Each structure stands twice: as structure tokens, then as C-alpha cells.
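J.: My structure is below; once you've seen it, I'll send some questions.
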């Protein structure tokens with residue numbers, strides 16, 4: 012299974028794997044795919060720098076990329092303390108009441124509640140880009156559309172490729188007009204921030220919209236070799252997978268999260284604004300359901316919602332209760348039934364995709 | 012492109028086409044696919060009988076099927092007049108206010124407002140089955156799960172195949188346990204009644220759930236040959252297409268509907284309960300948006316909602332305004348950009364699917 016993407020990125024299999032875990036990213040690249048590190052969790056650029064240095068070694072010279080979250084419209088700025096003032100008390104009260112109702116314990120004494128995820132802020136995302144440009148990174152992807160023109164220019168000057176996620180064909184077309192090299196067509200069934208058009212419909216629309224010269228990766232609903240073959244049938248030159256790696260050994264999920272992922276069926280996710288303020292697909296559980304109750308307030312816009320629930324996320328994750336973990340994941344979570352090393356997942360993906368292509372050629 | 016479905020149904024292409032229009036159904040079967048007539052619109056069984064007699068001739072001996080809407084749980088019964096009493100006045104007022112606000116004219120003097128769609132009633136659906144069994148129908152499909160056991164038995168005794176739609180793998184498994192021969196895995200992106208799991212995820216789940224012996228058709232998001240090839244990659248033995256035929260000459264859409272279909276992008280649909288009381292994907296327009304306003308009541312359960320909006324549907328359809336037509340349609344409506352004969356659509360589907368399989372075999 013060799014496509015133009017393999018030549019473009021210098022990889023063996025047309026499989027791009029996104030993960031916030033550097034261990035997963037390194038293992039994906041070592042296994043012949045292309046690992047992409049999610050940077051949004053790094054509030055401190057120095058920490059990202061250290062992780063990329065680790066990756067430079069651990070990928071063993073294989074190419075890898077980074078993913079930043081840089082909103083194209085209305086970059087939200089201001090110090091943390093200023094943003095805090097924009098959060099209504101009623102929202103804070105609801106979060107505290109809900110945690111109490113769900114039986115979620117407070118953090119241990121002396122533990123910081125954390126700063127929340129600041130990677131959504133334009134200034135922080137820019138610091139991620141700067142750090143990435145000082146490492147042998149092959150690709151910068153932006154989760155929220157095309158990065159600003161100067162970022163695209165800086166990446167191109169250093170020979171990097173720029174990718175951007177798109178949930179509509181019109182967005183894909185404007186990404187390419189902005190200088191984006193690779194479009195990731197992300198369907199409704201994907202984990203995390205996602206639109207309403209399903210991959211089956213979106214992928215060929217995007218492929219036709221951007222034209223033959225622009226590689227399109229299919230994201231959303233890809234967790235098996237059959238789904239990779241289907242993505243290639245739809246005209247994608249490769250796939251972008253995120254959720255599938257949450258079930259790997261390298262991801263090192265806490266026991267409650269691991270249990271929640273293994274338990275969930277494809278019907279146990281929900282697309283909601285409670286995680287970040289923008290619609291994102293999450294595990295559906297007692298925490299997300301609480302936000303659907305009649306007395307629940309509407310989630311705040313990005314980046315306020317994530318600041319609001321930042322301490323709650325911390326507490327929910329540490330509660331040791333699989334029914335409350337706050338976790339972005341796609342509908343393929345239903346197929347996550349065992350924990351395996353990344354290399355085994357990759358081998359199985361390639362084998363099933365190859366077998367599927369063979370089966371199809373007999374028709 | 013030959014699959015086991017072709018042998019099972021005695022057809023040339025593994026393409027099943029659903030339509031409420033007998034002209035479309037006949038043209039699909041004549042073009043080498045398998046036409047399935049939607050029966051829900053026939054309040055009078057004699058009218059269905061006449062239409063099936065027409066089909067017996069016009070399909071020229073090619074096989075065809077029928078689709079009934081028989082809820083598995085809690086068949087709603089009672090005379091029309093009894094059901095009417097269950098509709099709250101507030102809902103009736105909202106409908107009248109909304110029609111006024113949207114500028115929808117009343118029906119011409121002396122025109123009946125119609126009885127609404129009664130095909131959702133168990134007794135009416137049963138009369139459809141009885142009529143179908145007296146014609147050389149090859150397949151009975153049920154849109155809402157497996158038909159009652161005696162209907163399945165009666166169909167099997169006469170050598171008919173029974174198909175049922177499923178939006179979850181668990182449902183598919185229980186359909187097969189009930190004696191269903193063919194499962195139609197219908198994804199979120201489909202038009203009409205549909206679930207939340209997208210085709211990319213649902214189809215392989217259903218294929219694995221029912222096992223090798225049971226043919227699975229992929230429905231939802233199928234409107235081109237690439238999508239057919241993708242469905243086969245996912246393990247389906249054929250496709251079930253509905254929306255695609257709305258853009259054909261044979262469908263004879265009124266000008267306002269035709270314009271609405273041509274104008275809509277894949278982002279212009281919505282999954283809502285306003286049409287029938289169960290979640291169904293519809294054209295998103297001023298009518299569906301009105302039901303999302305804060306002052307709008309929650310839609311009533313099936314079959315009351317359709318009775319409530321029956322006169323409104325009639326008026327909205329005759330208003331000659333593309334921005335209010337009440338129409339179930341899938342996300343592939345975005346690709347409906349010209350009106351063609353069914354035979355041309357079929358030729359293009361088969362050509363693109365074949366070309367896609369050829370392209371994939373080169374990978």
C-alpha cells in the first residue's frame with residue numbers, strides 16, 4: 012500500500028498518527044507511519060522544546076510533525092487572570108455542584124489546580140511554532156484551519172509542510188488558497204473538535220474541491236485497515252488517525268480512562284462544547300450528560316470553557332471512575348477492545364488494508 | 012463490479028435504490044440495479060396495489076422490492092380522529108403561527124388538507140405487506156427494524172427476502188436473530204430516519220456483528236462510485252441509496268423542491284424530529300430552523316408529529332418557495348448539481364466505482 016503521501020513525507024505507510032503523547036508519536040514514526048505531536052497541552056514552550064529534543068532522538072531519524080491549535084479568527088488573548096473574570100459565577104457554581112453530585116473528590120492537599128490549557132491562546136500557539144521550527148520537524152498541522160500567513164511562510168522557508176484540518180469543502184479550498192500544503196478532511200465521527208459532515212461525504216468533496224495536486228488525508232472513523240482502504244477509495248492519499256492510539260501501551264492511560272475506552276461502544280460518544288467551548292466529540296458519560304440536564308448552563312466560548320472546567324478535568328481524571336473521565340475520542344472507540352503496542356496496531360492496520368485492497372481487486 | 016448480492020437478487024450491479032416514486036423504482040430495476048418502492052405514503056392499500064401492478068409491467072421482469080415502516084415496539088393504533096385528540100393546542104398554534112411568519116399561503120379553496128401519512132400505523136403497514144405478497148416482489152424491507160415474526164414467516168414462505176435497516180451493530184445482530192436476511196447498515200449521514208453513528212464506523216461494525224453469511228448493504232453517504240467502492244472496502248456486499256434519486260428526471264420533483272436540492276450543500280441538512288417524531292435527516296431551511304427557535308415546542312412522538320404537520324407539509328410543498336420545502340434527504344445532497352435520467356446516474360455510478368476499484372488495485 013504505497014501512495015504519493017509516502018514519497019512526500021518519506022514514510023513507509025500512508026498513515027499519519029496524531030497523539031498528545033510523545034511516546035506514541037515516536038512509536039508511530041518508528042513503525043513506518045508519520046507521528047504528529049499534539050502541542051496544545053504545553054503551556055510552557057521550554058517543556059515542548061525538551062519533548063521535541065527527546066523525539067529527535069527517539070524517532071531514530073524517522074520524520075515526525077507537530078500539531079498546534081491556532082484559531083484563524085479572533086485570537087483570544089489576555090492574561091489568565093483577565094480571562095478568569097469573564098467566567099460567570101453561575102457557571103462556576105454549576106461545575107462545583109456537578110462534581111459534588113458525581114462524587115468526584117477534591118485534589119489532594121497542596122496540589123495546584125493547574126492553569127488550564129492555554130495552548131488555545133494565539134501567543135502560546137505561536138511559541139509552539141517557534142520551538143518546532145528549531146527542531147527537524149517535517150510538518151506543522153493546525154487543528155483550526157490555516158495558520159497565519161507569516162507562520163506558513165516561515166515553515167515553507169525552512170522546507171516544512173503545512174497541514175490544516177477542514178470540516179467543509181469550502182474551508183479546504185480556502186486553506187489551500189492560504190498556502191496550506193496538505194488538507195486533513197475531518198468528518199463528524201472524529202474525536203475532538205469536529206464538524207457535522209461525515210467522512211463518507213466529506214472526503215470526496217474535499218478531494219474534488221482542492222484538485223489533484225493537493226494531498227488530502229481522511230480523518231474521522233479510521234481505526235482499521237478496511238477503513239483505510241475506504242478512505243483511499245474516497246480519493247484520500249492517506250489517513251490521519253487520532254483516537255486509535257489511545258488504546259496503545261505507549262499511551263499509558265490511567266486505569267479509569269483505559270477502562271472507559273475499553274467499555275465504550277461506538278454509540279458512547281457525544282459531540283459537545285463542554286470540553287473547550289467548540290464542538291468536540293467526547294466520551295459520553297455522567298460528566299457530559301450533566302451538561303445536558305435542563306438546569307445546566309450553555310458552555311462558554313473558547314478559551315473560557317476550558318479555563319472553567321480545567322480544575323474539574325483534573326479532578327475527574329484523578330477520580331479513578333471510568334464513568335466520569337473527560338476525554339475527546341471518536342466513534343471508533345467501539346473497536347478499542349484490547350491494549351496493544353503501537354507497532355502491533357500498525358502491523359494490523361497495514362495487513363488488513365492490504366488484504367482489503369486485494370479483495371476489492373477481485374471484484 | 013460483481014458481488015454476492017448480484018446473485019442473491021438476480022441483478023447486474025450491487026446497487027439497491029429506494030424511492031417513494033414508482034417511476035424511479037422501475038428505472039432503477041431496468042438499469043440493472045434493484046428498485047425498492049417506499050410504501051409509507053399509501054394510506055390506501057388499493058392504491059398501492061395499482062402501483063405494484065404498474066411496476067410488474069414497467070420493470071420488464073426485472074426484480075424489485077418494497078419498503079414498509081413497521082415499528083417493532085409499541086405499534087401506535089387508533090383511528091385518525093382519536094390520535095388527533097392527543098395533539099396539544101399549543102403545538103397546533105405554533106404550526107399556524109410559523110406558516111404565517113414564513114409567508115406560506117393556505118391551500119386553494121375546497122382542497123382537502125389530507126389525512127397525513129398513516130403508513131406509520133401498524134395496521135396500514137400490514138396492509139402494505141399483504142398487498143406486496145400478492146405481487147412478484149423479491150424483497151420486503153422494514154425501515155424501523157425487523158417486521159413481526161409472522162410477516163417474516165409469510166415472506167419466507169413465498170420465497171421473498173426480508174431486509175431491515177439498522178443504525179447500531181447490536182440492532183443488526185437482533186434483526187438477524189429475528190430472521191432478517193439482509194441488513195441495511197444506515198449511517199448518520201443518511202436522509203430520513205437515521206441514527207448517530209456514521210457509515211465509516213457503522214458498516215464494518217455491522218458486517219462483523221452479523222458474520223459472513225449475512226449480506227450487509229451500506230446506506231448513508233452513498234451518492235457516487237467512489238462511495239460505492241468505499242462501502243465495499245468496509246465489507247458491505249452492496250449499497251442502499253435513497254437521496255441520490257431525488258435528483259433524477261423520473262422523480263419529477265416540483266420546481267421549488269428541485270431548486271432546493273440543487274442549491275443545498277452537504278452542510279444544509281439537519282437531523283431533527285420535526286418531520287415524523289423520530290430523528291430524521293432533512294433539508295435544513297426556514298421551516299426546520301423555526302423549530303429550533305427558543306419558543307418552539309418539542310416535536311411530538313411518532314405518529315402524532317406527522318399528523319400535526321401534515322397540512323403544513325402540504326402547504327409548504329405547494330408554496331413554490333425553495334427555502335421552506337419539507338424534505339428528507341442525506342448529506343450527499345451537496346453533490347446533486349444536475350437533473351439526469353436514472354439510467355445515466357446508474358451508468359456513472361458503475362463507471363466511477365469500477366474505475367476506483369482499478370485505481371485501488373494499483374496501490
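Residue numbers (my numbering), protein chains in the order written: chain A, 12 to 374; chain B, 12 to 374. Using N, Cα and C, we set each Cβ at its ideal position, and we do this for glycine too. Source: prediction; values computed, not measured.
Which residues, in chain order, does the stretch 232–256 of chain A contribute to contact with chain B at a C-beta distance below 7 angstroms?
T.: Cβ contacts with chain B: 232, 235, 237, 238, 240, 241, 243, 244, 245 and 246.
J.: So for residue 262 of chain A, helix, strand or coil by DSSP?
T.: If DSSP states are grouped into helix, strand and coil, residue 262 of chain A belongs with the helices.
J.: Assuming residue 16 of chain B and residue 248 of chain B make a contact with CB atoms under 8 angstroms, what is their CB distance in whole Å?
T.: Rounded, the Cβ-Cβ distance is 5 angstroms, consistent with contact.
J.: Under 7 angstroms between C-beta atoms, does residue 199 of chain B make it to chain A?
T.: Yes, contact with chain A.
J.: Would you decide whether residue 65 of chain B is buried or exposed? Buried here means 16 or more other CB atoms lie within 10 Å of its CB.
T.: It is exposed - the Cβ of residue 65 of chain B has fewer than 16 other Cβ atoms within 10 Å.
J.: Output yes if chain A places a C-beta closer than 7 angstroms to the C-beta of residue 273 of chain B; else output no.
T.: No - not a single Cβ of chain A is within 7 angstroms of the one on residue 273 of chain B.
J.: Report the three-state DSSP secondary structure of residue 120 of chain A (helix, strand or coil).
T.: Residue state, collapsed to three classes: coil.
J.: Check distances from the C-beta atoms of the stretch 343–370 of chain A to those of chain B and list, in chain order, the residues that come in under 8 angstroms.
T.: Cβ contacts with chain B: 343, 345, 346, 367 and 368.
J.: Tell me which residues share the same chain as residue 362 of chain A and place their Cβ nearer than 8 angstroms to its Cβ, disregarding the 5 neighbours each side in the sequence.
T.: Closer than 8 angstroms at the Cβ level, and outside the excluded window around residue 362 of chain A, lie 236.
J.: Are the Cβ atoms of residue 286 of chain A and residue 32 of chain A separated by less than 7 angstroms?
T.: Cβ atoms of residue 286 of chain A and residue 32 of chain A: not closer than 7 angstroms.
J.: Could you list which residues in chain B have their beta carbon closer than 9 angstroms to that of residue 12 of chain A, in chain order?
T.: The answer, in chain order, is 374.
J.: Residues of chain A with CB under 7 angstroms from residue 179 of chain B, in chain order?
T.: Within chain A, the residues near residue 179 of chain B are 278.
J.: Please tell me whether, using a cut-off of 6 angstroms, the distance from the CB of residue 20 of chain B to the nearest non-hydrogen atom of the ligand COA is below it.
T.: Here there are no bound small molecules, and the ligand COA is not part of this structure.
J.: Against residue 216 of chain A, what residues of chain B qualify as contacts under a CB-to-CB distance less than 7 angstroms, listed in chain order?
T.: The answer, in chain order, is 277 and 345.
J.: Quick one: any contact between the stretch 217–233 of chain A and the stretch 311–323 of chain A, if contact means 3 or more CB pairs under 8 angstroms?
T.: Too few Cβ pairs lie closer than 8 angstroms, so no.
J.: Excluding five sequence neighbours on each side, which residues of the same chain lie with their C-beta closer than 8 angstroms to the C-beta of residue 358 of chain A?
T.: Answer for residue 358 of chain A: 42, listed in chain order.
J.: Have a look at residue 210 of chain A and residue 26 of chain B and give me their C-alpha separation to the nearest angstrom.
T.: Roughly 21 angstroms between the two C-alpha positions.
J.: Would you mind giving the Cβ-Cβ distance between residue 241 of chain B and residue 332 of chain B, rounded to the nearest angstrom? I have them listed as a contact below 8 angstroms.
T.: In fact, because the Cβ distance is near 36 angstroms, the residues do not count as touching under 8 angstroms.
J.: Along chain A, which residues have their Cβ under 7 angstroms away from the Cβ of residue 208 of chain B?
T.: By Cβ distance, chain A contributes 277, 278 and 342.
J.: Using 8 angstroms as the threshold, is the stretch 275–291 of chain B in touch with the stretch 57–75 of chain B, meaning 3 or more CB pairs across them?
T.: Flag = no, the stretch 275–291 of chain B and the stretch 57–75 of chain B do not touch.
J.: Here's a check: name, in chain order, each residue in its chain whose Cβ is nearer than 8 angstroms to the Cβ of residue 56 of chain B, leaving out the five neighbours to either side.
T.: Counting only Cβ-Cβ distances below 8 angstroms, and skipping sequence neighbours, we find 135, 138, 139, 141 and 142.
J.: Strictly under 7 angstroms for the Cβ-Cβ distance: is residue 211 of chain B near chain A by that measure?
T.: Judged by the 7 angstroms Cβ criterion, residue 211 of chain B is in contact with chain A.
J.: Roughly how many angstroms separate the alpha carbons of residue 183 of chain A and residue 371 of chain B, rounded to a whole number?
T.: Going from the Cα of residue 183 of chain A to the Cα of residue 371 of chain B covers about 24 angstroms.
J.: Whose CA, out of A:45, A:34 and A:173, lies closest to the CA of residue 23 of chain A?
T.: Taking only the C-alpha atoms, the option nearest residue 23 of chain A is A:45.
J.: Taking buried to mean at least 16 other C-beta atoms within 10 Å of its own C-beta, is residue 289 of chain B buried or exposed?
T.: Buried, since its Cβ has 16 or more Cβ neighbours within 10 Å.
J.: Can you check DSSP and say which residues form a bridge with residue 193 of chain B?
T.: Answer is B:174.
J.: With distances taken between CB atoms, is the gap from residue 2 of chain A to residue 106 of chain A smaller than 7 angstroms?
T.: Any answer about residue 2 of chain A is impossible in this case: the structure gives chain A only from 12 up to 374.
J.: For residue 246 of chain A, which residues of its own chain have a beta-carbon under 8 angstroms away from its beta-carbon, when the five flanking residues on both sides are left out?
T.: Excluding positions up to five away in sequence, the list reads 214, 215, 218, 219 and 227.
J.: Candidates B:257, B:340 and B:309: which alpha carbon is nearest residue 350 of chain B's?
T.: The option with the nearest alpha carbon to residue 350 of chain B is B:257.
J.: Secondary structure at residue 280 of chain A, three-state DSSP: helix, strand or coil?
T.: Residue state, collapsed to three classes: strand.
J.: With DSSP run on the structure shown, which of helix, strand or coil describes residue 138 of chain B?
T.: Helix.
J.: Between the Cα of residue 375 of chain A and the Cα atoms of B:39, B:35, B:179 and B:50, which residue gives the shortest distance?
T.: Outside the displayed range of chain A (12 to 374) lies residue 375 of chain A, so it cannot be described from this structure.
J.: Ignoring anything shorter than 4 residues or poking outside the stretch 41–111 of chain A, list the alpha helix (DSSP H) runs there in chain order.
T.: Listed in chain order, the complete alpha helix (DSSP H) runs (minimum 4 residues) inside the stretch 41–111 of chain A are 56–69 and 91–96.
J.: Bridge partners of residue 151 of chain B, per DSSP?
T.: B:77 and B:173.
J.: Identify which residue in B:251, B:239 and B:199 has its Cα closest to the Cα of residue 230 of chain B.
T.: Out of B:251, B:239 and B:199, B:251 has the C-alpha closest to the C-alpha of residue 230 of chain B.
J.: Answer with yes or no whether the minimum CB distance from residue 86 of chain A to chain B is below 7 angstroms.
T.: With a pLDDT of only 48 at residue 86 of chain A, under 50, the local geometry of the prediction cannot be trusted, and no value is derived from it.
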